[in-house]
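If you read the protein sequences in the order shown, they are chains A and B. Every letter in the first sequence is one number past the one before it in our numbering, and letter 46, counting from 1, is 46. Every letter in the second sequence is one number past the one before it in our numbering, and letter 3, counting from 1, is 88. For each residue, glycine too, the CB sits at the ideal point set by N, CA and C. Only a predicted model underlies this, so the values are computations on that prediction, with no experimental measurement involved.
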Amino acid sequence: MLLSEQERDNLSQDYMRTTSRLHSDLGICLKADIRAAIDALDSYIDGEASSIDASLPATFRNEAGDSEKSLLLQMLTATRYTVGA
Amino acid sequence: MASGETLLVFTPHMNEPPSSNGATIDYRNQHPVLDFDASTNESAVFTGVMPRHYSGTTGVTVYIHYAMSSATSGDIDWDVSWERIGDQQLDIDSDSFASVNSVDNTTVPGTSGNVDIVSVAFTDGADMDSCAVGESFRLKLTRDASSDSASGDAELVAVEVKET
Chain A
1 MLLSEQERDN
11 LSQDYMRTTS
21 RLHSDLGICL
31 KADIRAAIDA
41 LDSYIDGEAS
51 SIDASLPATF
61 RNEAGDSEKS
71 LLLQMLTATR
81 YTVGA
Chain B
86 MASGETLLVF
96 TPHMNEPPSS
106 NGATIDYRNQ
116 HPVLDFDAST
126 NESAVFTGVM
136 PRHYSGTTGV
146 TVYIHYAMSS
156 ATSGDIDWDV
166 SWERIGDQQL
176 DIDSDSFASV
186 NSVDNTTVPG
196 TSGNVDIVSV
206 AFTDGADMDS
216 CAVGESFRLK
226 LTRDASSDSA
236 SGDAELVAVE
246 VKET
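In structure tokens, the structure reads:
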């Protein structure tokens, strides 16, 4: 299920507040570019949700809940960027 | 005092935040700044007394010194308004800011830490809520985040009020 417009708005606000606090380098990105990235990534993940779930080993797939799976995906993604993988 | 002279300077620690949607204090390399959100129209409020050397005829120009937290492109919009407190003029139990004057569509600096200066002019009289020499007033700055395009926070460094 895709995030609602309000949920995407809230995410965009949170993202900008976080990147502002970190003085992150977003190049020439405008507010609209950030929102477009959220829209695209949300749509991609929504379309690939079944594939992502199917990629998990059966034990973890069947035993872990959605929140545990999303936490693993979040931590794995962050780690991959941290180590430059 | 000749026109063109500085009347007042306000810095971030002088902010008297409104009851809601106030800009928040932050520090950038030990520089105090006021952060204005990119999604919510946030404001800062400063109280002053109109200096005795203001001529009372030429109006004033408000200079806004700001940097962007992370953005290096896009534009920013600022609104400025005056509230005359005066001598038995205003019951301060409620706000009474005059209509805003704006500086809009300013392209932000290409380096996020660079401080840009933009200005908003006010004619003497109703435009500045008829604030007279020796009277106290409040000056309200708002980032019109609902209209501008630059991402992330804007950081207010200082405000100068100059006789036009």
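Could you tell me whether any Cβ in chain B is nearer than 7 Å to the Cβ of residue 6 of chain A? no
Residues from the segment 23–43 of chain A in contact with chain B, defined by Cβ distance under 8 Å: 23, 24, 25, 26, 27, 28, 29, 30, 31, 32, 33 and 34
How many Å lie between residue 110 of chain B and residue 149 of chain B at the Cα? 16 Å
Residue 226 of chain B, DSSP secondary structure in three states: strand
Given 6 Å as the limit, tell me if residue 157 of chain B has its C-beta closer than that to any heavy atom belonging to the ligand PLP. With respect to small molecules bound, the structure shown includes none, and the ligand PLP cannot be examined in it.
Please decide whether residue 19 of chain A counts as near chain B, where near means a Cβ-Cβ distance under 7 Å. yes
Please state the DSSP three-state secondary structure of residue 1 of chain A. coil
Have a look at residue 42 of chain A and residue 3 of chain A and give me their C-alpha separation to the nearest angstrom. 7 Å
Tell me which residues of the segment 131–163 of chain B have at least one Cβ-Cβ distance to chain A shorter than 8 Å, keeping chain order. 154, 155, 156, 157, 158 and 159
At 7 Å on the CB atoms, spell out the chain A contacts of residue 123 of chain B, in chain order. Within chain A, the residues near residue 123 of chain B are 16 and 31.
Residue ranges of each alpha helix (DSSP H) within the segment 107–191 of chain B, 4 or longer: none
For the alpha helix (DSSP H) that residue 86 of chain A lies in, which residues bound it at each end? For residue 86 of chain A there is no data in the structure shown, the boundaries of chain A being 1 and 85.
So which residues of chain B does residue 13 of chain A contact, with C-beta pairs closer than 7 Å? 124
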